[in-house]
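Reminder that position 244 of the sequence shown reads as 244 in the UniProt record's numbering, one-by-one numbering, no gaps.
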Amino acid sequence: MTHPARPAAILRRMTSRSSTEPHRASTPLELFFDLTFVVAVAQAGGRLVHSLAEGRPGHGIAGYLLVFFAIWWAWVNFTWFASAYDCDDPLYRVATLVQITGVLVLAAGVPRAFENSDYTVAIVGYLIMRLALTFQWLRAAHDETDPAARRTALRYAAGVVLVQIGWVVLLLLPDAAWNWGFPPLVIAEMAVPAIAERRHSTAWHPHHIAERYGLFTIIMLGESVSAATVAIQTALDDRAALDELLPIAAGGLLIVFAAYWIYFAAPIHEYLESGRRAFLWGYGHYVIFGSAAAIGAGIEVAVEQAVGEAHISDVAAAASVTIPAGLFLVATWALHARHHKRGAAQQVLLPTAAVLVLACTFLGEAAVPAAGAVAALTVAAGVVSSARLGEGAGDVDPRGEPGSDAD
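Right, here's the structure in full:
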């Protein structure tokens with residue numbers, strides 16, 4: 001007599017995945033998770049545009065940096081956890097969907113955080129994300145067979161909970177407490193991974209992490225593509241400003257295209273073999289992600305200035321584009337490009353380009369198209385330099401595949 005096959009277990013053991021697992025790629029759930037962050041980033045970028053256009057750069061930049069930290073840090077924590085423990089069973093998916101809900105609540109709280117310094121809704125959304133992640137770490141600790149890995153998971157869970165208690169306490173204190181309470185809590189948040197993995201590292205996958213960060217960079221640059229589209233649409237609707245808006249759109253697109261090309265010019269996964277390197281690289285992406293999204297906000301400010309809706313000078317409008325573009329170039333050089341450069345000429349290319357982009361700030365109405373031209377020429381110079389050094393066979397093309405170096 002034959003017995004029917006036993007159905008597969010609904011829940012799987014959440015144990016560490018192999019850091020050398022072949023063909024590791026982002027899952028549809030991870031891509032869906034990333035997509036929800038578009039809403040939160042768009043909210044933060046929109047409020048930044050509003051503040052800059054009204055001549056309140058201090059208020060806008062401070063609010064943007066604060067809100068963007070919550071967005072970035074929640075994404076970072078999920079990404080590194082998933083790289084080590086994604087078991088993709090129903091319970092894991094539900095916990096991830098809860099985190100997505102927290103992202104949307106955070107996005108809903110962004111306007112209040114910017115306009116009224118009311119962080120209640122944003123903190124609630126952040127807490128939802130962090131509590132769901134705590135559950136994931138506790139589940140990993142429960143299922144782990146390696147005692148060292150179990151202790152690491154428990155340290156993560158304890159660290160996340162302790163810092164969240166700090167955020168709740170800060171929320172209950174007077175508004176003035178944010179001035180001194182926010183920086184220590186940010187430091188505490190970023191210290192949790194370093195403390196948790198001090199004796200045993202989680203089994204994150206270098207190729208997977210590099211791909212996840214690359215995909216999120218594309219999402220951030222997508223915000224800037226959207227802003228360039230708004231510039232073109234505004235130009236078509238307002239023919240009186242057509243001569244001013246089309247150069248802004250063209251310059252903005254050149255900056256975004258160059259940013260994409262430069263970021264994906266080198267195979268960074270080889271550099272991530274060291275845990276210490278990976279920590280610094282991952283933390284440094286706060287600047288890359290934040291500046292990539294801020295380029296789009298700057299383009300929108302430049303558009304508003306061109307049509308007379310902004311209450312700032314031409315230099316201030318230009319700076320809203322050139323400063324984040326310069327930051328992106330410097331950060332990408334520091335984290336990516338410099339590890340693959342040969343000789344002083346290649347090493348100074350991106351820093352020099354950043355200085356030239358910043359210098360474009362003082363060109364008034366021509367600042368954005370000039371900065372776009374500098375970015376495009378930087379890519380062209382990188383391609384020519386790589387070809388002369390005969391690097392075509394060993395590096396990567398802008399698709400992240402074997403080909404030619406691009407910057």
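The beta carbon of each residue, even a glycine, is placed where N, CA and C say it ideally should be.
By the three-class DSSP mapping on this structure, what secondary structure does residue i have?
i	result
PRO7	Bear in mind that the predicted position of PRO7 carries a pLDDT of just 41, short of 50, making it unreliable; the figure below should be weighed with that in mind. DSSP places PRO7 in coil when its eight states are reduced to three.
PRO174	coil
residue 417	The structure shown does not extend to residue 417, since the chain spans only 1 to 407, so no value can be given for it.
SER224	helix
PHE96	Sequence check: residue 96 is Thr here, not Phe. Helix at THR96.
ARG276	helix
GLU304	helix
MET1	Its pLDDT being 43, under 50, MET1 is placed unreliably by the model, and the measurement read from it follows with that caveat. Residue state, collapsed to three classes: coil.
SER18	coil
ARG199	coil
ASP405	Any reading at ASP405 must be qualified, since the residue scores a pLDDT of 43, below 50, and its modelled position is unreliable; the value itself is stated next. Here ASP405 sits in coil by DSSP.
ASP28	This sequence places Pro at residue 28; Asp is not what is there. Of the three classes helix, strand and coil, the one that applies to PRO28 here is helix, per DSSP.
PRO267	coil
TYR156	helix
SER117	coil
TRP204	coil
ASP237	helix
residue 450	Outside the displayed span of the chain (1 to 407) sits residue 450, for which this structure offers no information.
HIS23	coil
HIS50	helix
MET190	helix
HIS336	coil
Smallest Cα separation from residue i: which of the options?
i	options	result
ALA292	SER313, GLY326, VAL103, ILE123	GLY326
GLY382	LEU350, VAL161, LEU358, ILE299	LEU350
ALA316	ALA345, TYR85, GLY364	GLY364
GLN164	SER51, ASP175, ARG130	ARG130
PHE37	TYR283, PHE68, ALA387, ARG12	PHE68
THR101	SER117, ALA84, PRO111, ILE123	ILE123
TYR92	GLY166, GLU54, THR134	THR134
ILE312	HIS50, THR27, THR15, ARG12	HIS50
ALA345	SER385, ALA318, TYR213	SER385
ASP143	ASP86, MET14, LEU106	MET14
ALA42	PHE33, VAL355, ILE71	ILE71
TYR213	VAL321, TRP75, ILE128, ARG12	TRP75
VAL186	PHE81, LEU65, ALA149	LEU65
ALA359	LEU106, ARG338, HIS340, PRO324	PRO324
VAL39	THR322, LEU104, ARG338	LEU104
ALA158	HIS23, ILE195, ILE128, ASP34	ILE195
How far does the alpha helix (DSSP H) with residue i in it extend, from its first residue to its last?
i	result
MET14	Unbroken run through MET14: none, as it is neither H nor E.
ILE312	Note, ILE312: premise wrong, no alpha helix (DSSP H); not H, not E.
ASP146	It is not in any alpha helix (DSSP H) - ASP146 carries neither H nor E in the DSSP assignment.
PRO247	242–263
LEU349	349–359
GLY369	The displayed chain sequence assigns Pro, not Gly, to residue 369. Taken as a continuous stretch (DSSP letters only), the alpha helix (DSSP H) holding PRO369 covers 367–388.
How many whole angstroms separate the CB atoms of residue i and residue j, which I take to be in contact at a CB cut-off of 8 Å?
i	j	result
ALA353	LEU329	5 Å
TRP137	TYR156	5 Å
LEU52	GLY63	Wrong, their Cβ atoms sit about 11 Å apart, outside the cutoff.
THR378	ILE288	Wrong, their Cβ atoms sit about 16 Å apart, outside the cutoff.
ALA371	GLY251	6 Å
residue 408	SER26	The requested residue 408 is not part of the displayed model; the chain covers only 1 to 407.
TYR18	ALA141	Before going further, note that residue 18 is Ser rather than Tyr in the sequence given. The Cβ separation is near 19 Å, so there is no contact.
PRO247	VAL368	7 Å
Is residue i a contact residue of the ligand GTP, with contact defined as CB to any heavy atom under 8 Å?
i	result
VAL186	For the structure depicted, the ligand GTP is absent and the ligand set is empty, with no information on it obtainable.
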